[in-house]
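Below is one structure, written out as structure tokens, with a few remarks after it.
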Amino acid sequence: MAEKFKDEAVTEEVTKTEEKACKKNGKKVLIAVIACVAVAVLAVGGFFVYRIFRNNDPVKVTSDAIRGLKDNIKDAKDENPGLTKLLEGKDPYEVNTSIKVTLPQKMGTLGANILAQIDAKNEMFRADVNAKFDKELLFDMSAILDSKNLAFKFPDTMKNYYSVDISEAMSEFKESMKEIDTKAFEKAMKYDYTKLIDYLADAIEDALDKGDFKKTNDEISVDGKDIKVNKYTAKITAKEATKIASSFLTKVSKDSELIDVFATLTDTDKKDIKEFLNDTIKELKDVDVDGDEYILYSVYVSKTGKVVGYGFEFEGVEITIATRNDVTEIKATASGVTISLTIEEKSDDHVVIILSTVGISATLDIKDEVKTVKKNSEYKEELTIELKLSVMGQEDITAKIEAESTIKKIDSVSKAKDAKDIEKLTAAEQATLQKEVEGSAAYKTIMALTKSMEKNPYLTQASKEVPYYNY
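Note that our numbering has the sequence shown beginning at 41, numbered continuously upward.
Dropping the structure here:
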């Protein structure tokens, strides 16, 4: 009996211990959950608090927006670096493009095939162009250029290439190129021009203060949605504009690398450039800026602290730039008439642009995709541009451009074999050449365009007004 009581006592003790442990562990879990929730709330709340305080300073909002331009430039540079390397490298490459243009109102179809081969290192270039309107041949020509000869051929009438000695002209061209300081150009290309963006942003922060802006409640429409915002507006007079320009030029004058680039490009002493900048800065500080002209500059910030847009008002013209998600709208209003430009980035390769005003709407749908066939040596680009024009409820006018290109590395530029030297042609061969040229589609198209221009009174009058200098 005592044994049984002892076992029950032990069991009860163990149970109590387990319950305490469970409660203790439960508390730990609960504390951990609460801690995680608290951290998450603080993190999210902290983000919104930071954004609200940061974006409630319209000066910082403006300078941040300007600095953001650097990211756009960087994105453009980083896009398809392999293709950029191929096009800018020393290896020969070719671009083979097929273009189809569907004209509006069933007016027909224009088609073209263009082949370009480039070898910059060995100074060789080739271009083949074939163009048709529906089934009618408009242009068909092949040209090959090297440092000594220009070979050409109209494939629709010629079996062979003809060549012209251009060595003398090329020598003169090379001599003229020597006068250009390539080192100056290289130095200019190496400079990081995005620093100028920072200079401008810094100048705005130096010239303007949060106190220059007046806060009001407003509403702005973006992509069909009305958003309640805080509107911060400042009156930018000539005085403020002068401060911004002066601060910007001051920062430029302290950039020795940029001064060196200016000096090299303009063949001017660096001291003279610095002196010019300092004189300009002094003039800006001393200039009389007591005029009545001004620009109203506004920053629109949502109630959650997100920058929605910017606005400018000047002499009855109002311009707003607003963004929501992937849609940017630019509206310009003057004399009661509004013109709207909407840019929607549906994806990295797809953009839709809509321009609209009273009774008129034009839509441009652009798709441009580059695919890597073989890294650093072959790429494929597909471009489609669709246009739709709507006018006063009439039937839509549509047009379409489709282009497909292959860009790839090649061993060498194709040469013109067995080309006939024009200088060595017999009289009979010269007559044949003339007949082949005049019978070609390219010649007929060029002559038709020339006659059309001669019949146009506006073009004829314009050509007469262009001065002619007989050297």
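The beta-carbon is built from N, C-alpha and C at its ideal position, and this holds for glycine as well.
All values derive from a computational prediction rather than experimental measurement.
Worksheet item: Under 8 angstroms from any heavy atom of the ligand SAM, does the C-beta of residue 147 make it?
Response: The ligand SAM is not among the ligands present in this structure, which contains no ligands whatsoever.
Item to complete: Take residue 289 and list the residues in its own chain whose beta-carbon comes closer than 7 angstroms to its own, dropping the five residues that flank it on each side.
Response: In the sequence shown, counting from the first residue as 1, residue 289 sits at position 249. These residues qualify, in order along the chain: 317, 320 and 321.
Worksheet item: Of the choices 152, 196, 148 and 262, whose alpha-carbon is the least far from that of residue 364?
Response: Taking the sequence shown and counting its residues from 1, one reaches residue 364 at position 324. 262 is the residue among 152, 196, 148 and 262 whose C-alpha sits nearest the C-alpha of residue 364.
Worksheet item: If you follow the alpha helix (DSSP H) that residue 181 is part of, which residue opens it and which one closes it?
Response: What you label residue 181 is simply residue 141 of the sequence shown in a count that begins at 1. No alpha helix (DSSP H) holds residue 181; the beta strand (DSSP E) holding it covers 176-185.
Fill in: Reference residue 127, options 450, 468 and 463, closest by Cα
Locating residue 127 in the sequence shown gives position 87, counting from the first residue. Nearest option by C-alpha distance: 450.
Worksheet item: When you compare only the Cα positions, how much space is there between residue 178 and residue 480?
Response: Counted from its first residue, the sequence shown places residue 178 at position 138. Counted from its first residue, the sequence shown places residue 480 at position 440. Rounded to whole angstroms, residue 178 to residue 480 spans 9 angstroms at the Cα level.
Discussion item. For residue 432, which residues in the same chain have their Cβ closer than 7 angstroms to its Cβ, ignoring the five residues on either side in sequence?
Written reply: Locating residue 432 in the sequence shown gives position 392, counting from the first residue. Contacts found: 399.
Worksheet item: With respect to the alpha helix (DSSP H) encompassing residue 399, which residues constitute its N-terminal and C-terminal limits?
Response: Walking along the sequence shown from the start, residue 399 turns up at place 359. Where residue 399 is concerned, there is no enclosing alpha helix (DSSP H), given that its DSSP letter is neither H nor E.
Worksheet item: Near residue 193, what residues of its chain come up, given a Cβ to Cβ distance below 6 angstroms and the 5 sequence neighbours on each side ignored?
Response: As a first step, residue 193 must be located in the sequence shown, where it is residue number 153. Excluding positions up to five away in sequence, the list reads 182 and 201.
Worksheet entry | Reduced DSSP secondary structure (H/G/I, E/B, other) of residue 470 | By 1-based counting over the sequence shown, the position of residue 470 is 430. Three-state DSSP puts residue 470 in a helix.
Worksheet item: Would a C-beta distance cut-off of 9 angstroms place residue 257 and residue 271 closer than the cut-off?
Response: In the sequence shown, counting from the first residue as 1, residue 257 sits at position 217. In the sequence shown, counting from the first residue as 1, residue 271 sits at position 231. Yes, the Cβ-Cβ distance between residue 257 and residue 271 is below 9 angstroms.
Worksheet entry | Cβ pair residue 483, residue 447 closer than 9 angstroms | Position 443 of the sequence shown, counted from the first residue, corresponds to residue 483. Position 407 of the sequence shown, counted from the first residue, corresponds to residue 447. Not in contact: residue 483 and residue 447 (Cβ atoms no closer than 9 angstroms).
Worksheet entry | Simplified DSSP state of residue 365, which is helix, strand or coil | The count along the sequence shown starts at 1 and reaches residue 365 at position 325. DSSP places residue 365 in the coil class of the three-state scheme, outside both helix and strand.
Worksheet item: Run through DSSP, which three-state label would residue 239 get?
Response: Working through the sequence shown from its first residue, we reach residue 239 at position 199. Residue 239: helix per DSSP, three-state reduction.
Discussion item. Let me make sure I understand the geometry here. Which of 374, 239, 371 and 438 has the alpha-carbon closest to that of residue 404?
Written reply: Indexing the sequence shown from 1 puts residue 404 at position 364. Comparing Cα-Cα distances from residue 404 to each of 374, 239, 371 and 438, the minimum goes to 438.
Fill in: residue 259 - containing beta strand (DSSP E), residue span
To locate residue 259, count along the sequence shown from 1; it is residue 219. Its beta strand (DSSP E) spans residues 253-262.
Worksheet item: Distance, Cα to Cα, residue 105 vs residue 124?
Response: Within the sequence shown, the letter at position 65 stands for residue 105. Within the sequence shown, the letter at position 84 stands for residue 124. Each residue's Cα considered, the two are about 28 angstroms apart.
Worksheet item: Is it a yes or a no for the stretch 160-170 touching the stretch 458-466, going by three-plus beta-carbon pairs under 8 angstroms?
Response: no
Worksheet item: Going by Cα to Cα distance, which pick from 310, 101 and 285 is closest to residue 296?
Response: The residue labelled residue 296 in the question sits at position 256 within the sequence shown. Among 310, 101 and 285, the Cα nearest to that of residue 296 belongs to 310.
Worksheet item: Start and end of the alpha helix (DSSP H) containing residue 493?
Response: What you label residue 493 is simply residue 453 of the sequence shown in a count that begins at 1. Start and end: 481-495.
Discussion item. Distance check for residue 139 and residue 166, CA to CA, integer angstroms please.
Written reply: Locating residue 166 in the sequence shown gives position 126, where the first residue counts as 1. Locating residue 139 in the sequence shown gives position 99, where the first residue counts as 1. The alpha-carbon atoms of residue 166 and residue 139 are separated by roughly 19 angstroms.
Worksheet item: Who are the near neighbours of residue 158 in its chain, counting only those whose CB is closer than 7 angstroms to its CB and skipping five residues on each side?
Response: Here residue 158 refers to the residue found at position 118 of the sequence shown. Sequence-distant Cβ neighbours of residue 158 in its own chain, meaning closer than 7 angstroms and more than five residues away, are 132, 133 and 165.
Worksheet item: Going by beta carbon distance, what residues of the same chain come within less than 7 angstroms of residue 161, once the five residues before and after it are set aside?
Response: Sequence index remark: in the sequence shown, residue 161 carries index 121 (1-based). Excluding residues within five positions, the ones whose Cβ falls inside 7 angstroms are 130.
Worksheet item: With respect to the beta strand (DSSP E) encompassing residue 431, which residues constitute its N-terminal and C-terminal limits?
Response: Here residue 431 refers to the residue found at position 391 of the sequence shown. It spans 418-431 - the beta strand (DSSP E) in which residue 431 sits, taken as one unbroken run.
Discussion item. Quick check on residue 492: buried or exposed, where buried means 16 or more other Cβ atoms within 10 Å of its Cβ?
Written reply: Position 452 of the sequence shown, counted from the start, is the residue given in the question as residue 492. With fewer than 16 Cβ atoms within 10 Å of its Cβ, residue 492 is classed as exposed.
Worksheet item: Which whole-angstrom value describes the C-beta separation of residue 143 and residue 137, a residue pair presumed to lie in contact below a C-beta threshold of 8 angstroms?
Response: Position 103 of the sequence shown, counted from the first residue, corresponds to residue 143. Position 97 of the sequence shown, counted from the first residue, corresponds to residue 137. Not really, about 19 angstroms apart at Cβ, beyond 8 angstroms.
Item to complete: Go ahead and pull the three-state DSSP assignment for residue 327.
Response: Locating residue 327 in the sequence shown gives position 287, where the first residue counts as 1. In the structure shown, residue 327 sits in coil (DSSP, three-state: anything other than H, G, I, E or B).
Worksheet item: Between residue 427 and residue 415, is the Cβ-Cβ spacing less than 9 angstroms?
Response: For the purposes of this step, residue 427 is identified with residue 387 of the sequence shown, where counting begins at 1. For the purposes of this step, residue 415 is identified with residue 375 of the sequence shown, where counting begins at 1. No, these two residues do not count as a Cβ contact at 9 angstroms.
Worksheet entry | Chain-order list of residues whose beta-carbon lies under 6 angstroms from that of residue 191 (same chain, five-residue window excluded) | Residue 191 sits at position 151 when you count from the first residue of the sequence shown. These residues qualify, in order along the chain: 184, 201, 203, 456 and 459.
Worksheet item: In angstroms, rounded to a whole number, what distance separates the CA positions of residue 254 and residue 273?
Response: Counted from its first residue, the sequence shown places residue 254 at position 214. Counted from its first residue, the sequence shown places residue 273 at position 233. Distance between the alpha carbons of residue 254 and residue 273 is about 5 angstroms.
Fill in: Simplified DSSP assignment, three categories, for residue 386
If you number the sequence shown from 1, residue 386 lands on position 346. In the structure shown, residue 386 sits in a strand (DSSP, three-state: E or B).
Worksheet item: For residue 211, which three-state DSSP category applies?
Response: Position 171 of the sequence shown holds residue 211. It is helical.
Worksheet item: residue 157 by DSSP, collapsed to three states: which one?
Response: For the purposes of this step, residue 157 is taken as residue 117 along the sequence shown, with counting starting at 1. Of the three classes helix, strand and coil, the one that applies to residue 157 here is strand, per DSSP.
Discussion item. Between the alpha carbons of residue 241 and residue 377, how many angstroms are there, rounded?
Written reply: Counting from one through the sequence shown, the residue named residue 241 turns up at place 201. Counting from one through the sequence shown, the residue named residue 377 turns up at place 337. C-alpha separation (whole angstroms): 33 angstroms.
Worksheet item: What residues are listed by DSSP as bridge partners for residue 414?
Response: For the purposes of this step, residue 414 is identified with residue 374 of the sequence shown, where counting begins at 1. In the DSSP output, where bridge partners are listed per residue, residue 414 has 418.
Worksheet entry | Residues near residue 391 in its chain [Cβ-Cβ closer than 6 angstroms; skip 5 each side] | Working through the sequence shown from its first residue, we reach residue 391 at position 351. Cβ within range, chain order: 385 and 406.
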